[in-house]
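> Encoded as structure tokens, here's the structure I'll be asking about.
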Amino acid sequence: MDKKIKKVDLIFGKVDYMDILEKCLQRTRDELILDVIDSGLRGRGGAGFPTGLKWKFAKNEEADQKYVICNADEGEPGTFKDREILTEVPEKVLAGMALCGYCLGATEGYIYLRGEYNFLLPPLNKAIDDFHARLKDLGLDFTIRIVSGSGAYVCGEETALMESMEGRRGEPRNKPPFPTSEGYLGKPTSVNNVETLVFALMIAKEGPTKFKEMGTFDSRGSKVFSVSGDTPSPGIFELELGMTLEQFVEEFGDGDTKAVQVGGASGFCVSRKDFKDTLIGFEGIPTGGSMMLFNSTRSMYNILNDYLEFFEEESCGQCTPCRVGCQQLLKGIEAVKKGHKSPAYLEELQKLSDTMRIASKCGLGQSAPNPFNSIINNFREEIIY
Amino acid sequence: MTKVKELVKEQAEKHGRQRTSLMPILQAVVKSEHYLSEEALEAIAEELDLSTADVFGTASFYTFLDTVPRGKYVIRVCKTITCHMKGKDEIIDTISDMLKIKLGETTTDKMFSLLQANCIGWCHKGPVMLINDEVYPEINPEKATEIINQYLKKG
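In structure tokens, the structure reads:
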């Protein structure tokens, strides 16, 4: 191993956010957005849409009201970094939202906080009160409120999130129209992940170059990783992007790592033989931060079973490919394991998973086949026997 | 006016009667009543001028908006992969033995419900459980026993 993974401290370091915002207000909105575009920052929730472009689209819309939403519905199994960010540096998240609000011309911001994190409500509300008081000194009109979720993974999908905020079932909407033109209450809305907003603030502080210099062409900058499973050092780490899985496992593995699930339940399972050639990032396997390590004592059947159970329960049920597909994948591997179906049935299920990927309405049904296919392809014998 | 209807009215005054207030009102009722009764759902529908079916449809979508009676303390043990690997089953068995209830059940005195939850975001400190809004990471059977005992004492 020649290259050591570089640890970075953009997210958790304390900054004078008032100073950053004050300097931002002296610049034009277009300049600020251009900096974010130039930095190459892509959404840190997992999907990886270019943040600056999202802001630009929302800014260019004509509307009497626009909204900024901070997506804190961190439900992807294996991800827990947003909770840590909201606990350690809430003021940076709020300042990132205010910056976004200024760029878009929005005066209202919402944090959609998952119900599982309700214990964060008192400290967050206090941070918001302090923040509002200080914003007054700047003369920036921007108010932030928290909306609580109630235990639905799919509400992390931005249109489902807005449905939930509007008091409905969290069922994803058709796109287009995209939220940047018709979002919350039909108004132009930018929905950004917690971590993304903090990075945007740091790019405003330090300029795009420093961020751009880190990482690779498609995956600029650094990223906060949530490391769990069979590792001697579980926790939250901000690392420069561009490392291979081999480097990652060298740093975090327990010496017996058999597989790593990159990107949570909806991500991909990579087996040991592919660690060397797998880049963690948008060129290789992207992740919202979730990295789950498994050593050779673990049954890959149990792991896949857990993931499929998760999707079967969390599918919103709106579209058939996902509702039925998730259920059939789960039942299918159970039947093969018990010997009620022949191993060849797995190929049938893989065809079904292709249909799910093409025909499902949102990312949930489109990505539920990821763990299924990657585990079947890498560990077929463990699923059958 | 019954207690539930009063509560709904009070929450509607507080949050407003527009559709965006539905979630906060449902959440407040669950917090106070531990579930959404038919009476509560009807009262909310009436206050917000929605159909009861619409209100039930929304409520039933969300795992934390219970439509069956739950205990004063709802225990949710995380069941997703890392917590599974780190021994959530022993936690559930321990609590189940202590409270004499199975998963999904509520004690006869309506104090505790024992449920599982999908990933609650503490994978590096599993196993973990929520009791109402409180989170208890890095537990083992002994710690779980201690925590439940505290709640039993508190009543």
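Protein sequences, first through last, are from chains A and B.
If you count by the working numbering, then the first sequence holds residues 22 to 406, one letter each, in order.
If you count by the working numbering, then the second sequence holds residues 4 to 158, one letter each, in order.
In this text, a Cβ means the ideal position worked out from N, Cα and C, and glycines have one as well.
Here the structure is a predicted model, which means the values were calculated and not measured.
Measure the CB-CB distance between I47 (chain B) and V71 (chain B) and report whether it falls below 9 Å.
If you number the second sequence from 1, residue 47 (chain B) lands on position 44. If you number the second sequence from 1, residue 71 (chain B) lands on position 68. No; because the gap between Cβ atoms is not below 9 Å, this pair is not in contact.
> Excluding the 5 residues flanking D275 (chain A) on each side, which residues of the same chain have their C-beta closer than 7 Å to its C-beta?
As a first step, residue 275 (chain A) is located in the first sequence; it is residue number 254 there, counting from the start. Closer than 7 Å at Cβ, skipping near neighbours: D251, T252, P253 and N316.
> Go through the stretch 41 to 113 of chain A residue by residue and report every complete run of the beta strand (DSSP E) that reaches 3 residues or more, in order.
Within the stretch 41 to 113 of chain A, the complete beta strand (DSSP E) runs of at least 3 residues are 88 to 93.
> Starting from I306 (chain A), trace the alpha helix (DSSP H) in both directions and tell me its first and last residue.
Looking up residue 306 (chain A) in the first sequence gives position 285. Taken as a continuous stretch (DSSP letters only), I306 (chain A) belongs to no alpha helix (DSSP H), as it is neither H nor E.
> Secondary structure at S40 (chain B), three-state DSSP: helix, strand or coil?
In the second sequence, the residue the question calls residue 40 (chain B) occupies position 37. If DSSP states are grouped into helix, strand and coil, S40 (chain B) belongs with coil.
> Since H288 (chain A) and N391 (chain A) should fall inside the 8 Å C-beta cutoff, what is the C-beta to C-beta distance between them, to a whole number of angstroms?
On the first sequence, position 267 is the one that residue 288 (chain A) refers to. On the first sequence, position 370 is the one that residue 391 (chain A) refers to. The sequence given here has Gly at residue 288 (chain A), not His. Contact flag correct, Cβ pair sits at about 6 Å.
> Can you check whether the C-beta of I324 (chain A) is within less than 9 Å of a C-beta belonging to chain B?
Mapped onto the first sequence, residue 324 (chain A) falls at position 303. Chain B contact via Cβ: present.
> Per DSSP, I257 (chain A) forms a beta bridge with which residues?
Locating residue 257 (chain A) in the first sequence gives position 236, where the first residue counts as 1. Answer by DSSP bridge pairing, in chain order: A:S247.
> Between the alpha carbons of E369 (chain A) and G360 (chain A), how many angstroms are there, rounded?
For the purposes of this step, residue 369 (chain A) is taken as residue 348 along the first sequence, with counting starting at 1. For the purposes of this step, residue 360 (chain A) is taken as residue 339 along the first sequence, with counting starting at 1. Going from the Cα of E369 (chain A) to the Cα of G360 (chain A) covers about 15 Å.
> Would you identify the three-state DSSP class for E271 (chain A), choosing helix, strand or coil?
The count along the first sequence starts at 1 and reaches residue 271 (chain A) at position 250. The answer is helix: DSSP assigns E271 (chain A) an H, G or I state.
> Below 9 Å on C-beta distance, what does S317 (chain A) contact in chain B?
What you label residue 317 (chain A) is simply residue 296 of the first sequence in a count that begins at 1. Within chain B, no residue comes near S317 (chain A); the closest Cβ sits about 13 Å away, beyond 9 Å.
> Counting only beta-carbon separations shorter than 9 Å, does Q153 (chain B) have a partner in chain A?
Mapped onto the second sequence, residue 153 (chain B) falls at position 150. No - not a single Cβ of chain A is within 9 Å of the one on Q153 (chain B).
> Looking only at C-alpha atoms, which of B:Y65, B:G60 and B:S35 sits nearest to S169 (chain A)?
Looking up residue 169 (chain A) in the first sequence gives position 148. When each option's Cα is compared against that of S169 (chain A), the closest is B:Y65.
> At which residues does the beta strand (DSSP E) containing I32 (chain A) begin and terminate?
Within the first sequence, the letter at position 11 stands for residue 32 (chain A). Here I32 (chain A) belongs to no beta strand (DSSP E), and DSSP marks it neither H nor E.
> Going by the C-beta, is E216 (chain A) closer than 8 Å to any heavy atom of the ligand FAD?
This structure does not include the ligand FAD; it has no bound ligands of any sort.
> Report yes if the C-beta distance between G67 (chain A) and G386 (chain A) is below 9 Å; otherwise report no.
As a position in the first sequence, residue 67 (chain A) is number 46, starting the count at 1. As a position in the first sequence, residue 386 (chain A) is number 365, starting the count at 1. Not closer than 9 Å, so no.
> Tell me which residues share the same chain as T23 (chain B) and place their Cβ nearer than 7 Å to its Cβ, disregarding the 5 neighbours each side in the sequence.
By one-based count along the second sequence, residue 23 (chain B) stands at place 20. Here the set comprises nothing.
> Could you check whether the Cβ of N161 (chain B) sits closer than 9 Å to any Cβ belonging to chain A?
This structure leaves residue 161 (chain B) out entirely; chain B is present only between 4 and 158.
> Can you name the residues of chain A whose CB is closer than 8 Å to the CB of H87 (chain B)?
Residue numbering aside, residue 87 (chain B) sits at position 84 when the second sequence is read from its first letter. Chain A residues near H87 (chain B): N323 and D327.
> Between A:R166, A:F101 and A:W76, which lies nearest to P27 (chain B) when the distance is taken from Cα to Cα?
To locate residue 27 (chain B), count along the second sequence from 1; it is residue 24. Ranking A:R166, A:F101 and A:W76 by Cα distance to P27 (chain B) puts A:R166 first.
> By alpha-carbon positions, which one of A:A280, A:M118 and A:N81 ends up nearest to F296 (chain A)?
Along the first sequence, read from residue 1 onward, the residue named residue 296 (chain A) stands at position 275. Out of A:A280, A:M118 and A:N81, A:A280 has the C-alpha closest to the C-alpha of F296 (chain A).
> Residues in the same chain with beta-carbon distance under 8 Å from V219 (chain A), minus the five sequence neighbours each way, listed in chain order, please.
Taking the first residue of the first sequence as position 1, residue 219 (chain A) is located at position 198. So the qualifying residues of the chain are L31, I32, I106, V110, K113, V114 and G117.
> Does the beta carbon of K128 (chain B) come closer than 9 Å to any beta carbon on chain A?
Translated into the one-based positions of the second sequence, residue 128 (chain B) becomes position 125. True, the Cβ-Cβ gap to chain A drops below 9 Å.
> Give, in chain order, every residue of the stretch 208 to 242 of chain A whose Cβ lies closer than 7 Å to some Cβ of chain B.
Result list empty, no residue passes.
> How would you write the range of the alpha helix (DSSP H) that V215 (chain A) sits in, first residue to last?
Reading the first sequence from its first residue, position 194 is the one you call residue 215 (chain A). Note, V215 (chain A): alpha helix (DSSP H), V215 to E227.
> Quick one: measure Cβ to Cβ for A221 (chain A) and C121 (chain A), integer angstroms, because I've assumed they're closer than 8 Å.
The residue you call residue 221 (chain A) lines up with position 200 of the first sequence. The residue you call residue 121 (chain A) lines up with position 100 of the first sequence. Indeed, because the Cβ distance is near 7 Å, the residues count as touching under 8 Å.
> Does DSSP put V33 (chain B) in a helix, a strand or coil?
Locating residue 33 (chain B) in the second sequence gives position 30, where the first residue counts as 1. Three-state DSSP puts V33 (chain B) in a helix.
> Give the residues from the stretch 62 to 73 of chain A that approach chain B closer than 8 Å (Cβ to any Cβ), ordered along the chain.
Per Cβ criterion, the list is empty.
> Between F78 (chain A) and T201 (chain A), is the Cβ-Cβ spacing less than 9 Å?
Taking the first sequence and counting its residues from 1, the one referred to as residue 78 (chain A) is at position 57. Taking the first sequence and counting its residues from 1, the one referred to as residue 201 (chain A) is at position 180. Yes, they are a contact pair.
> Buried or exposed: which applies to T145 (chain A), given that a residue is buried once 16 or more other Cβ atoms fall within 10 Å of its Cβ?
As a first step, residue 145 (chain A) is located in the first sequence; it is residue number 124 there, counting from the start. At residue 145 (chain A) the sequence reads Leu, which differs from the Thr that was named. Its Cβ being crowded by 16 or more others within 10 Å, L145 (chain A) is buried.
> For F331 (chain A), go through chain B and note every residue whose CB falls closer than 7 Å to its CB, in chain order.
What you label residue 331 (chain A) is simply residue 310 of the first sequence in a count that begins at 1. Chain B residues near F331 (chain A): T83 and N121.
> Whose CA, out of B:L25, B:S35 and B:E42, lies closest to the CA of T5 (chain B)?
By 1-based counting over the second sequence, the position of residue 5 (chain B) is 2. Among B:L25, B:S35 and B:E42, the Cα nearest to that of T5 (chain B) belongs to B:E42.
> Counting only runs that start and end within the stretch 131 to 172 of chain A, where is the alpha helix (DSSP H) found for 4 or more residues in a row?
Counting only runs of 4 or more, we get 142 to 159.
> Just by C-beta distance, which residues in the stretch 244 to 257 of chain A are closer than 8 Å to chain B?
Listed by position, the residues of the stretch 244 to 257 of chain A near chain B (Cβ gap below 8 Å) are S247, V248, S249, G250, D251, P255, G256 and I257.
> Who does V7 (chain B) pair with in a DSSP beta bridge?
Stepping through the second sequence from its first residue, residue 7 (chain B) is reached at position 4. In DSSP, V7 (chain B) forms no bridge with anything.
> Which residue from A:D375, A:L367 and A:F258 puts its Cα closest to that of K102 (chain A)?
Here residue 102 (chain A) refers to the residue found at position 81 of the first sequence. Residue A:F258 is the option with its Cα nearest to K102 (chain A).
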